[in-house]
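Scroll down for the structure; my scribbles are underneath it.
Numbering (the working numbering), first residue to last: 1 to 158.
Quick look at the structure:
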């Protein structure tokens, strides 16, 4: 009995394969997408006892008009499901960092509102987050055009 090695599918006409450098970038990007948030989260938990997802929730609320967002908008900003975001907000509510209030324009909807205590907690955690982002990401980009990279990543995200 002979072993048959499967052949790769033919490349569609007009489509060129990835160069070795492009292949390395594509594979590294997949690892970065998972490794970077985990590394930052580990630093946040170790130094602040505050998970990254909670920090990001407070951050997005701090940047919103009147420090409030509809729950679905907050979930989108944090790239979470609405049910996942609801669990995070409930935890932050118990700590008095966030309040949930009915939407004035739609009584069925809820807003998450950043409290003064939540803003103070965000400010307390900010230096740890900044140091983690620098250590795990920006320190590895020395010599690269960060403005070009930001524009390219923004195009990809859209």
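The beta carbon of each residue, even a glycine, is placed where N, CA and C say it ideally should be.
C-alpha distance - residue 97 paired with residue 106, whole-angstrom precision | Your numbering for residue 97 matches position 97 in the chain shown. Your numbering for residue 106 matches position 106 in the chain shown. Approximately 24 Å, taken between the alpha carbons.
What whole-angstrom Cβ distance do residue 11 and residue 17 have, given they're in contact under 8 Å?
-> Here residue 11 refers to the residue found at position 11 when the chain shown is read from its first residue. Here residue 17 refers to the residue found at position 17 when the chain shown is read from its first residue. About 6 Å separates the two Cβ atoms, so the contact holds.
Mind reading off the beta-carbon distance from residue 37 to residue 58? Whole number of angstroms is fine, and I expect it under 8 Å.
-> Here residue 37 corresponds to residue number 37 of the chain shown, with the count starting at 1. Here residue 58 corresponds to residue number 58 of the chain shown, with the count starting at 1. In fact, because the Cβ distance is near 16 Å, the residues do not count as touching under 8 Å.
Proximity to residue 136 [Cα-Cα], best of 72, 41, 20 = Looking up residue 136 in the chain shown gives position 136. Residue nearest to residue 136 within the set 72, 41, 20 is 41 (criterion: CA-CA distance).
Under a Cβ-count criterion, where at least 16 other Cβ atoms within 10 Å of its own Cβ denotes burial, should residue 67 be classed as buried or exposed?
-> Sequence index remark: in the chain shown, residue 67 carries index 67 (1-based). Buried.
Between residue 56 and residue 3, what straight-line distance do the alpha-carbon atoms span, to the nearest angstrom?
-> For this step, residue 56 is matched to residue 56 along the chain shown. For this step, residue 3 is matched to residue 3 along the chain shown. Each residue's Cα considered, the two are about 52 Å apart.
Determine the DSSP secondary structure at residue 93, reduced to helix, strand or coil.
-> Here residue 93 corresponds to residue number 93 of the chain shown, with the count starting at 1. Looking at residue 93 - three-state DSSP - the assignment turns out to be helix.
Tell me the start and end of each unbroken beta strand (DSSP E) in the stretch 37-84 that is at least 3 residues and wholly inside, in chain order.
-> As far as the stretch 37-84 is concerned, its whole beta strand (DSSP E) runs of at least 3 residues are 68-70.
Helix, strand or coil for residue 130, going by three-state DSSP, please let me know.
-> Position 130 of the chain shown, counted from the start, is the residue given in the question as residue 130. Residue state, collapsed to three classes: helix.
Which residue from 148, 112, 64, 104 puts its Cα closest to that of residue 92?
-> The residue given as residue 92 occupies position 92 in the chain shown. When C-alpha distances from residue 92 are compared across 148, 112, 64, 104, the shortest belongs to 112.
Would you mind sorting residue 146 into buried or exposed? The rule is 16 or more other CB atoms within 10 Å of its CB.
-> Locating residue 146 in the chain shown gives position 146, where the first residue counts as 1. With fewer than 16 other Cβ atoms within 10 Å, it is exposed.
Residue from 44, 35, 28 with nearest C-alpha to residue 130 | Here the question's residue 130 lines up with position 130 in the chain shown. Nearest C-alpha to residue 130: 44.
Beta strand (DSSP E) segment containing residue 113, residue limits = Start at 1 with the first residue of the chain shown, and residue 113 comes out as number 113. Bounds of the beta strand (DSSP E) holding residue 113 are 110-114.
Have a look at residue 103 and residue 78 and give me their C-alpha separation to the nearest angstrom.
-> Indexing the chain shown from 1 puts residue 103 at position 103. Indexing the chain shown from 1 puts residue 78 at position 78. In a straight line, the C-alpha of residue 103 is about 20 Å away from that of residue 78.
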